[in-house]
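S.K.:
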Amino acid sequence: MPELAEVAFFARQWNAGMDASVMRVTTHSSARVFRESPAKRIASTLKGQALTEILTAGKQAAFRFSTDIWLGIHLGMSGRLFTDGSRENLAPWAEGDKPPQPTHDRLVLHMSNGTALVFNDPRMFGLVRLYRGDTTPPWWAAIPPALSSPLFTLDVLKKVLDSHPGVLLKSLLLDQRYFPGIGNWMADEIMWRTRLSPHNRVRALGNKEVRLLYKTIREVCNDAMEVVSKSWYPAPDNWLFNHRWKRGGRCPRDGASLLYEQIGGRTACWCEKCQRQIKNYELKIKN
DNA sequence: CTATTTGTTTATCC
DNA sequence: AGGATAAACAAATA
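For what it's worth, the numbering used here labels the leading residue of the first sequence as 4, then goes sequentially.
Next up, the structure:
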């Protein structure tokens, strides 16, 4: 579930514990999410420390305690953050979906102000890790600048594209080394808004497409943050987003049936009618 | 029973 | 070397 804006939404839930300190920690200590940092060590380190800062970048969240303790959480495929008070009625599952089951709570921080901060992850592809230091952890500093920041320039994008000419564009968009926070739905949304078929390889893009891609990446990130990170969904109906989940969906632009295909190991949803395949370089030469 | 899933890493092959 | 593919991780859902 969680991509850029969903991660930001979930991380915000833990604001309820801001400035309070950790009284008690409960963990599902054998859980795979603790594969890098043992649950016991996390629990003993956090005890008595105050939550002082919440950060998100890409698909990752970091919680700073006191001054030099950093709790990093990656939500993986099914991870969620909430407080015990909102377990039943938080927006992501308020309408119909089952609330998170307590048996899937992997880490719970019982805070001095009475709130409990919960990390719940049924599938356990998520990751919890701990770091001590005066500055952000190495794995945090390694996350590239946000795609919405001034540091992500057209020139940066061009260099990334130049370094991977043979890759499917959609696959490249999923690469967290270059596009932090973009996941499967955002990548499909970007491809759809640029009217480029997911079968296009990077080298097929001309200058015009690269500029359009740049604008669209930023637009989708900004839209997602604007709509999702503060109040969750629904998304506007003129996004591909609303139409891509159930098979049989139709393109909001032209009403054509959406296609679902495995491309680059992931399910791509796209509209054959309005998303075009750019003629490849070899064909151009022959013509 | 089957196949599917909003993520990532690793192995393997071409 | 660069890139594709499958598998692995684990659990719910259709």
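By construction, the Cβ of each residue, glycine as well, lies at the ideal position given by its N, Cα and C atoms.
Would you report the Cα separation of E9 and V231, rounded to the nearest angstrom?
M.R.: Counted from its first residue, the first sequence places residue 9 at position 6. Counted from its first residue, the first sequence places residue 231 at position 228. Whole-angstrom Cα-Cα distance: 6 Å.
S.K.: Quick check on G117: buried or exposed, where buried means 16 or more other Cβ atoms within 10 Å of its Cβ?
M.R.: Residue mapping note: residue 117 aligns to position 114 of the first sequence, counting from 1. Answer is exposed; the Cβ neighbour count stays below 16.
S.K.: Closer than 6 Å by C-beta to P5: which residues in its own chain qualify, once you throw out the five before and the five after it? Chain order, please.
M.R.: As a working note, residue 5 is residue 2 in the first sequence. L78, listed in sequence order.
S.K.: Taking just the CA atoms, how far does K50 sit from K173?
M.R.: Mapped onto the first sequence, residue 173 falls at position 170. Mapped onto the first sequence, residue 50 falls at position 47. Cα-Cα distance, rounded: 43 Å.
S.K.: Verify whether the separation of the beta carbon atoms of V111 and T30 is less than 9 Å.
M.R.: As a working mapping, residue 111 is identified with position 108 in the first sequence. As a working mapping, residue 30 is identified with position 27 in the first sequence. Yes, these two residues count as a Cβ contact at 9 Å.
S.K.: Taking only three categories from DSSP, how would you classify L7?
M.R.: In the first sequence, counting from the first residue as 1, residue 7 sits at position 4. Helix, per DSSP.
S.K.: As a quick exercise: from A97, S260, Q179, T219, pick the residue whose alpha carbon is nearest that of C274.
M.R.: For the purposes of this step, residue 274 is identified with residue 271 of the first sequence, where counting begins at 1. Checked all of A97, S260, Q179, T219; the closest Cα to C274 is S260.
S.K.: Please name the residue or residues paired with V131 in a DSSP beta bridge.
M.R.: Here residue 131 refers to the residue found at position 128 of the first sequence. Bridge partners of V131: I76.
S.K.: For the beta strand (DSSP E) containing T361, name the first residue and the last one.
M.R.: Residue 361 lies beyond the stretch modelled for the chain, which goes from 4 to 290, so this question has no answer here.
S.K.: Nearest CA to the CA of A190: which residue from G61, G82, A271, V25?
M.R.: Stepping through the first sequence from its first residue, residue 190 is reached at position 187. It is A271.
S.K.: Only counting runs of 3 or more residues, tell me where the beta strand (DSSP E) segments fall wholly within the segment 246–270, in order along the chain.
M.R.: 262–266
S.K.: May I ask which residues mark the beginning and end of the beta strand (DSSP E) holding E212?
M.R.: On the first sequence, residue 212 is found 209 positions in, with the first residue counted as 1. No beta strand (DSSP E) holds E212; the alpha helix (DSSP H) holding it covers 210–234.
S.K.: Is A65 helix, strand or coil when you go by DSSP?
M.R.: As a first step, residue 65 is located in the first sequence; it is residue number 62 there, counting from the start. Reduced to three states, the DSSP call for A65 is strand.
S.K.: Take R198 and list the residues in its own chain whose beta-carbon comes closer than 8 Å to its own, dropping the five residues that flank it on each side.
M.R.: As a position in the first sequence, residue 198 is number 195, starting the count at 1. The answer, listed in chain order, is C277, Q278, R279.
S.K.: Exposed or buried, what is R83 when buried is set at 16 or more other beta-carbons lying within 10 Å of its beta-carbon?
M.R.: One-based indexing of the first sequence puts residue 83 at position 80. Buried, by the Cβ-count rule.
S.K.: Which value, in whole angstroms, describes the spacing of the CA atoms of R247 and T48?
M.R.: As a working note, residue 247 is residue 244 in the first sequence. As a working note, residue 48 is residue 45 in the first sequence. For R247 and T48, the distance between alpha carbons rounds to 43 Å.
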